[in-house]
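S.K.: Please find one structure pasted underneath; my questions will follow.
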């Protein structure tokens, strides 16, 4: 019942139902009791509740505090940490795979990409019901198979392979714990205790000695609102993957893992006044992408501009057109040909206030026919020296591909 309410009502809706409903019932009951028992103030009710109230309040306070700190906040924080740890291990595995040859690296990254998409697209909705995804299980098995199929040869490959195995173990462990946490919940007996204790607390809070109806209703309504809101807190935070207040999938889309989502990035609208003209001198230098493309280095070589970036030993060749737009051709290891390993790319200089780093809006596509994608924005790292590994690749002419 609790999980159903959390999944089918917004947080505001739950506040209205739980807190508002409880408070309304308590206030109405207070008015009814005032009318039915007008002489209750002269009875021994107030003396009896006065004796019991302090102990009941202390007990409820202890229960609520323990639930919020231990079972709820701790459980929610642990779930968030598990997700961050799993995403970090996936990012580490993705980066470690760059040390392997292309034929080994590509299957590992493809399997990791499928795992990330399966978690976000398939398993996350199922976690709301405390269920796991068969697609994620299959993707994890494929990831293990891709890693097992590679046999490292050099000492560098062996070191990164060991790191990959460690990351894979972390991914598996965190995924298992994440699914388990989606199934765990507060003990039903403890929930009954909270409900019964809350009802008793509200009853004992009834101020029979107060003769004004309005004052009685305010006191009872305040006590009911406090108890019901505390109980709502146990509902909302008890399920870290359900409801409006839940752990989200953002860690699976950041850093190195942005690589697996870049295909879905929409390009920025080409609005008038958004861009200014580029020159070859503007493009030359070291740039960085906040998405998965990482650092890129551009040089003017003869009449063209050449660029180098690390993903699959990628390169770019192009020129700045008369309209001030860089138009070029990117290619990466594999075939270095479309439709999978090459395509068109464009960069436009965004207008920025004076003193801010230059930023180029980047859009790219596989081949020449499909629509452009976004996500390849670059920020210039003024004064930054060219990374030695990227600078060395300019000497390899075979790395560069021209538009067919």
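Residue numbers (the numbering used here): 6 to 409. Beta carbons: idealized from backbone N, C-alpha and C, even for Gly.
#1: Excluding the 5 residues flanking residue 88 on each side, which residues of the same chain have their C-beta closer than 6 angstroms to its C-beta?
#2: Using the three-state DSSP reduction, which class does residue 260 fall into: helix, strand or coil?
#3: Are the region 385-394 and the region 346-354 in contact at 8 angstroms, needing three or more beta carbon pairs?
#4: CA-CA distance, residue 111 and residue 240?
#5: Report all residues from its chain with a CB closer than 6 angstroms to the CB of residue 172; omit the five preceding and five following residues, and keep chain order.
#6: Just curious, the beta strand (DSSP E) that residue 169 is in, first and last residue?
#7: How far does the alpha helix (DSSP H) with residue 366 in it reach, from first residue to last?
#8: How about the region 363-377 and the region 279-299: do they share at least three Cβ pairs that are nearer than 8 angstroms?
#9: If you reduce the DSSP assignment to three classes, tell me which class residue 133 lands in.
#10: When DSSP labels each residue in this structure, what does residue 386 get in the three-state scheme?
#11: So for residue 324, helix, strand or coil by DSSP?
#12: Which two residues bound the contiguous alpha helix (DSSP H) that contains residue 87?
#13: To which residues does DSSP link residue 146 through a beta bridge?
#14: Using a Cβ-Cβ cut-off of 8 angstroms (strictly less than) and excluding sequence neighbours within five positions of residue 345, which residues of its own chain qualify?
#15: Between the Cα of residue 102 and those of 316, 147 and 331, spot the shortest distance and give me the residue it belongs to.
#16: Let's see if you can read the secondary structure: which residues bound the beta strand (DSSP E) around residue 293?
#17: Around the Cβ of residue 154, are there at least 16 other Cβ atoms within 10 angstroms (buried) or fewer (exposed)?
#18: For a quick check, are the C-beta atoms of residue 267 and residue 380 less than 7 angstroms apart?
M.R.: The structure says:
#1: Here residue 88 corresponds to residue number 83 of the chain shown, with the count starting at 1. Cβ within range, chain order: 252 and 256.
#2: Numbered from 1 along the chain shown, position 255 holds the residue referred to as residue 260. Three-state result, residue 260: helix.
#3: no
#4: Your numbering for residue 111 matches position 106 in the chain shown. Your numbering for residue 240 matches position 235 in the chain shown. Their backbone Cα atoms lie some 44 angstroms apart in a straight line.
#5: By one-based count along the chain shown, residue 172 stands at place 167. Closer than 6 angstroms at the Cβ level, and outside the excluded window around residue 172, lie 94, 97 and 98.
#6: By one-based count along the chain shown, residue 169 stands at place 164. No beta strand (DSSP E) holds residue 169; the alpha helix (DSSP H) holding it covers 160-188.
#7: The count along the chain shown starts at 1 and reaches residue 366 at position 361. Looking at the DSSP string, residue 366 is not in any alpha helix (DSSP H); the run it does join, the beta strand (DSSP E), is 364-369.
#8: yes
#9: Numbered from its first residue, the chain shown carries residue 133 at position 128. In the structure shown, residue 133 sits in coil (DSSP, three-state: anything other than H, G, I, E or B).
#10: Indexing the chain shown from 1 puts residue 386 at position 381. Residue 386 falls in the coil class under three-state DSSP.
#11: On the chain shown, residue 324 is found 319 positions in, with the first residue counted as 1. Three-state DSSP puts residue 324 in a strand.
#12: Here residue 87 corresponds to residue number 82 of the chain shown, with the count starting at 1. That run of the alpha helix (DSSP H) goes 79-102.
#13: Locating residue 146 in the chain shown gives position 141, counting from the first residue. According to DSSP, which records beta bridges pairwise, residue 146 is partnered with nothing at all.
#14: For the purposes of this step, residue 345 is identified with residue 340 of the chain shown, where counting begins at 1. Excluding sequence neighbours, residue 345 sits near 339 and 371.
#15: Translated into positions along the chain shown, residue 102 becomes position 97. When only C-alpha atoms are compared, the closest one is 316.
#16: As a first step, residue 293 is located in the chain shown; it is residue number 288 there, counting from the start. 290-293 is the extent of the beta strand (DSSP E) around residue 293.
#17: Sequence index remark: in the chain shown, residue 154 carries index 149 (1-based). Per the 10 Å Cβ criterion, exposed.
#18: In the chain shown, the residue the question calls residue 267 occupies position 262. In the chain shown, the residue the question calls residue 380 occupies position 375. Closer than 7 angstroms, so yes.
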